[in-house]
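Beneath this line is the structure, given in structure tokens, with notes to follow.
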Amino acid sequence: MLDRINEILKQVEAFSITSKEELEQFRLKYIAKKGIITLLFEEFKSLPPEEKRQLGQPLNQLKEVAVNKLKAKTTELEAAATTPLQKPIDLTLPVVPHELGTIHPLTQVWEQIVEIFSRIGFNLEEGPEIETDWNNFTALNFPENHPAREMQDTFFIEGKEILLRTHTSNVQIRLMNRRKPPIRSIMPGRVYRNETISARAHCIFHQVEGLYVDRNVSFLDLKQTLYHFAKELFGKETRVRFRPSYFPFTEPSAEIDISCGLNQPTGCQLCGGSKNICKGTGWVEIGGAGMVHPNVLANCHIDPETYTGFAFGMGIERIAMLKYHIRDLRLFTENDVRFLRQF
Ligand code: PHE
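Sequential numbering of the sequence shown, starting at 4, is according to this note's numbering.
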């Protein structure tokens, strides 16, 4: 039997294992329940004590060698499976171009607006997109039956109390509840309206709200602030026009138009003279504005006898379209790289 043990030891040592399959063959042949070494141990049990004493040690050694080999090869093969083959590096290959992304045009305009206003003392504020009826409508002096509260404009979430904000004016309310005048803030953000998506309308868009509340704030301050803003963003020659309008939360209220240059010495700066943006009038609308309604101040526990304020709200898409001559609102959300690469 000693000869057989030595013979098997040689076989075990010589057995070549280079794959998982061979590893398994090895295990079955020698170590498994019916493997050669296991059977030798069975045989060993029935030997006379004399031989047992002689063969115990070589037999145990054989088993140890086989088991150690199995363990070592198992870890070796596992490691090889997880480390990729080392390919030689070809230094003459051209490099993979590393493309840098660009900042989305809406983000660029958003940041420019915030910067222009921050230079004249407006700080940045933000508010939630999911809002209560109170902050989005009621506190802003919307009458109970105002059409903007109707289902076609507003996405309601829970009953009629929780909704997606339809404008950034909700942040005015939150701000005035939290802080007392002087307040001079700019509030950009995303807003939602239940509109059919087209080149001119979208159910998701962005606005930037401005609010200035202090003693003796007048309509003149509003005009000067927006003149300054328009010249900074669109160029020195740009003019601003206010048309009388109505918002429940401002009195008096106005629509803000900027000149496109059509009737000015500069010539049209926005549509290249094709008049398809201003319809030949030389003016395009960018938002609404007005003096904060006394009821709104009172709703936020600010004394309307002591303080006055102005507010404005402008469409960021609108401004980006004018600045970059973009014709279709849908381009902003389609993620088409051919569009985005241009900025
Ligand atoms: N919230 C108004 C709108 O969405 C815009 C606005 C803001 C008007 C502030 C006046 C003052 O149309």
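Where a beta carbon is used, it is the ideal one built from N, C-alpha and C, also for glycine. Quick caveat, the model's predicted, so the values are computed rather than measured.
Mind checking whether Val194 and Arg177 have CB atoms under 7 Å apart?
-> Residue mapping note: residue 194 aligns to position 191 of the sequence shown, counting from 1. Residue mapping note: residue 177 aligns to position 174 of the sequence shown, counting from 1. Their beta carbons are not under 7 Å apart, which means Val194 does not touch Arg177 by this criterion.
Entirely enclosed alpha helix (DSSP H) segments - the region 200 to 272, minimum 4 residues | 222 to 237
So, is the C-beta of Val112 closer than 7 Å to a C-beta in chain B?
-> This model lacks chain B altogether, as it is built from one protein chain only.
Is Gly162 near ligand 1, with its Cβ less than 6 Å from a heavy atom?
-> Residue numbering aside, residue 162 sits at position 159 when the sequence shown is read from its first letter. No - ligand 1 has no heavy atom lying nearer than 6 Å to the Cβ of Gly162.
Going by DSSP, what residues sit across from Ile106 in a beta bridge?
-> Along the sequence shown, read from residue 1 onward, the residue named residue 106 stands at position 103. DSSP lists no partner for Ile106.
Evaluate contact between the region 135 to 144 and the region 293 to 303, counting only Cβ atoms and requiring at least three cross-stretch pairs below 8 Å.
-> yes
Provide the residue(s) that pair with Glu134 in DSSP beta bridges, ordered along the chain.
-> Within the sequence shown, residue 134 is the residue found at index 131, counting from 1. For Glu134, which the question treats as bridged, DSSP gives the partners Leu166.
Hey, could you find the ends of the alpha helix (DSSP H) Arg187 is sitting in?
-> Residue mapping note: residue 187 aligns to position 184 of the sequence shown, counting from 1. Element bounds for Arg187: not the alpha helix (DSSP H) but the beta strand (DSSP E), 186 to 195.
Rounded C-alpha distance that separates Lys23 from Ile40 | Here the question's residue 23 lines up with position 20 in the sequence shown. Here the question's residue 40 lines up with position 37 in the sequence shown. Roughly 21 Å between the two C-alpha positions.
Let me know if Gln210 comes out buried or exposed under the rule of 16 or more other beta-carbons within 10 Å of its beta-carbon.
-> On the sequence shown, residue 210 is found 207 positions in, with the first residue counted as 1. With 16 or more other Cβ atoms within 10 Å, it is buried.
Any non-hydrogen atom of ligand 1 closer than 6 Å to His170 Cβ | Indexing the sequence shown from 1 puts residue 170 at position 167. Because some heavy atom of ligand 1 lies under 6 Å away, the Cβ of His170 counts as near it: yes.
Could you tell me which residues DSSP puts in a beta bridge with Gly59?
-> Residue 59 sits at position 56 when you count from the first residue of the sequence shown. Paired residues: none, contrary to the question.
Should Tyr215 go down as buried or exposed, given a rule of 16 or more other Cβ atoms within 10 Å for buried?
-> Here residue 215 is taken as the residue at index 212 of the sequence shown, counted from 1. Its Cβ being crowded by 16 or more others within 10 Å, Tyr215 is buried.
For Asn126, which of helix, strand or coil comes out of DSSP?
-> Here residue 126 refers to the residue found at position 123 when the sequence shown is read from its first residue. Here Asn126 sits in strand by DSSP.
Does the beta carbon of Thr253 fall short of 6 Å from some heavy atom of ligand 1?
-> Indexing the sequence shown from 1 puts residue 253 at position 250. Yes - ligand 1 has a heavy atom lying nearer than 6 Å to the Cβ of Thr253.
Hey, is the region 258 to 269 in contact with the region 236 to 244, meaning 3+ C-beta pairs nearer than 8 Å?
-> yes
Opposite Glu377 in the DSSP bridges: which residues?
-> Shown here, the chain extends from 4 to 346; a query on residue 377 therefore has no answer.
Since Gly130 and Val98 are thought to touch, with beta carbons under 8 Å apart, how far apart are those beta carbons, to the nearest angstrom?
-> Sequence index remark: in the sequence shown, residue 130 carries index 127 (1-based). Sequence index remark: in the sequence shown, residue 98 carries index 95 (1-based). Between Val98 and Gly130 the Cβ distance is about 46 Å, and since that is not below 8 Å, they are no contact.
Along the chain, where does the beta strand (DSSP E) that runs through Met317 open and close?
-> If you number the sequence shown from 1, residue 317 lands on position 314. Counting along the chain, the beta strand (DSSP E) containing Met317 begins and ends at 311 to 318.
Look up Val295 in the DSSP assignment and say whether it is helix, strand or coil.
-> In the sequence shown, residue 295 corresponds to position 292, counting from 1. Strand.
C-alpha gap between Glu114 and Glu254, whole angstroms = As a first step, residue 114 must be located in the sequence shown, where it is residue number 111. As a first step, residue 254 must be located in the sequence shown, where it is residue number 251. Cα to Cα, the separation comes out at about 29 Å.
Taking the alpha-carbon positions, what's the Gly283 to Cys303 distance?
-> Taking the sequence shown and counting its residues from 1, the one referred to as residue 283 is at position 280. Taking the sequence shown and counting its residues from 1, the one referred to as residue 303 is at position 300. Each residue's alpha carbon lies about 43 Å from the other.
Can you check DSSP and say which residues form a bridge with Phe159?
-> Mapped onto the sequence shown, residue 159 falls at position 156. According to DSSP, Phe159 bridges with Leu166.
Same chain, Cβ closer than 7 Å to Ile119, neighbours up to 5 away in sequence not counted = Along the sequence shown, read from residue 1 onward, the residue named residue 119 stands at position 116. These residues qualify, in order along the chain: Phe232, Glu235, Leu236.
Rounded to the nearest angstrom, how far is the Cβ of Lys183 from that of Ile305, given a contact under 8 Å?
-> Taking the first residue of the sequence shown as position 1, residue 183 is located at position 180. Taking the first residue of the sequence shown as position 1, residue 305 is located at position 302. That pair is a contact at about 7 Å.
heavy atom of ligand 1 below 6 Å from Gly316 C-beta | Within the sequence shown, the letter at position 313 stands for residue 316. Yes, the Cβ of Gly316 comes within 6 Å of a heavy atom of ligand 1.
Thinking C-beta only, is Ala292 closer than 7 Å to Phe315?
-> In the sequence shown, the residue the question calls residue 315 occupies position 312. In the sequence shown, the residue the question calls residue 292 occupies position 289. Yes, these two residues count as a Cβ contact at 7 Å.
Could you please give the first and the last residue of the uninterrupted alpha helix (DSSP H) stretch that includes Thr41?
-> Walking along the sequence shown from the start, residue 41 turns up at place 38. It spans 39 to 48 - the alpha helix (DSSP H) in which Thr41 sits, taken as one unbroken run.
Nearest neighbour of Glu188, chosen from Thr228, Ile200, Ser19, Lys163 [CA to CA] = For the purposes of this step, residue 188 is identified with residue 185 of the sequence shown, where counting begins at 1. Just to set this straight, residue 188 is Ser in the shown sequence, not Glu. Per the C-alpha coordinates, the member of Thr228, Ile200, Ser19, Lys163 positioned closest to Ser188 is Thr228.
What number of angstroms, rounded off, separates the C-alpha of Glu1 from the C-alpha of Thr78?
-> No answer is possible for residue 1: it lies beyond the span of the chain, which begins at 4 and ends at 346.
Secondary structure at Glu53, three-state DSSP: helix, strand or coil?
-> Taking the sequence shown and counting its residues from 1, the one referred to as residue 53 is at position 50. Looking at Glu53 - three-state DSSP - the assignment turns out to be helix.
With a cut-off of 8 Å on the beta carbons, I'd call Arg196 and Asp260 a contact; round off their distance for me.
-> Position 193 of the sequence shown, counted from the start, is the residue given in the question as residue 196. Position 257 of the sequence shown, counted from the start, is the residue given in the question as residue 260. 21 Å between Cβ atoms; not a contact.
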